[in-house]
Amino acid sequence: MSSHEISVTVNGAAASGTVESRRSLADFLRRELGLVGVHFGCEQGACGACTVLLDGASVRSCIMFAVQADGADIQTVESLAPGAEMHPLQEAFRRHQGLQCGFCTPGMLLRSLELISDNPNLTAEEAREGISSNMCRCTGYQYIVDAVLDAAAEMRAEED
Ligand code: FES
Ligand code: FES
């Protein structure tokens with residue numbers, strides 16, 4: 292199995308490593324860099340638990356090879372609250388009970404961040420459609436949609 296040197300920016304910091312060709316980006320982020328907010332669910336691209344942002348766009352890191360991310364700017368859920376304060380999205384999920392077990396939450400948060408970044412004025416229908424890429428097995432999607440809309444409003448207010 293051939294190995295490759297890769298260099299990425301992860302949550303604002305440079306990182307590098309040697310990866311086998313077949314190693315997934317999820318495995319590299321979680322096991323090599325210790326970013327345990329990258330969750331392994333189905334590991335076949337169906338559930339979205341492993342979602343990260345790659346150059347601002349959500350990807351399923353379980354079905355992407357680490358070597359494909361060479362040179363990319365990656366954001367994991369750990370980037371949302373680098374200090375003591377939670378990100379408005381995290382705060383809204385807490386307020387609206389948009390999580391129970393929390394397994395889907397890192398992926399949901401990053402997908403939601405992408406949706407709001409792309410369209411700060413998104414509607415409930417657009418939020419619902421947008422998060423349909425990610426599965427939640429215990430919360431119910433209504434609370435998550437409520438949280439996304441509330442966070443979007445809060446983020447718009449912060450912009451003003
Ligand atoms: S773990 Fe990657 S999509 Fe399910
Ligand atoms: S909060 Fe449990 S799977 Fe979504």
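Residue numbers (this note's numbering): 292 to 451. Glycine included, every Cβ here is placed at the ideal spot set by N, Cα and C.
Could you check whether the Cβ of residue i sits closer than 7 Å to any heavy atom belonging to ligand 1?
i	result
residue 429	no
residue 357	no
residue 333	yes
residue 336	yes
residue 360	no
residue 351	yes
residue 348	no
residue 339	yes
Is it the case that the CB of residue i approaches a heavy atom of ligand 2 more closely than 7 Å?
i	result
residue 395	yes
residue 433	no
residue 392	yes
Taking the C-alpha atoms as reference points, what is the distance between residue i and residue j?
i	j	result
residue 362	residue 300	7 Å
residue 296	residue 324	15 Å
residue 317	residue 412	31 Å
residue 293	residue 307	17 Å
residue 443	residue 360	29 Å
residue 353	residue 421	20 Å
residue 398	residue 434	16 Å
residue 344	residue 364	8 Å
residue 441	residue 415	10 Å
residue 330	residue 337	13 Å
residue 391	residue 315	28 Å
residue 432	residue 396	12 Å
residue 285	residue 383	Within the shown structure, residues of the chain are numbered from 292 to 451, placing residue 285 beyond reach of any answer.
residue 448	residue 376	17 Å
residue 385	residue 408	20 Å
residue 327	residue 451	34 Å
residue 312	residue 436	38 Å
residue 298	residue 403	27 Å
residue 410	residue 438	15 Å
residue 378	residue 333	27 Å
Hey, is residue i's beta-carbon within less than 8 Å of any beta-carbon in chain B?
i	result
residue 383	Included in the structure is just one protein chain, with no chain B present.
Any idea if residue i is buried or exposed, counting beta-carbon neighbours within 10 angstroms, 16 or more meaning buried?
i	result
residue 351	buried
residue 339	buried
residue 347	exposed
residue 357	buried
What are the complete alpha helix (DSSP H) segments, minimum 4 residues, inside the region 335-402? 379-386
Check whether the region 417-434 touches the region 366-375, counting contact only when three or more Cβ pairs, one atom from each stretch, lie closer than 8 Å. Judged by Cβ distances under 8 Å, the region 417-434 makes no contact with the region 366-375, as fewer than three pairs qualify.
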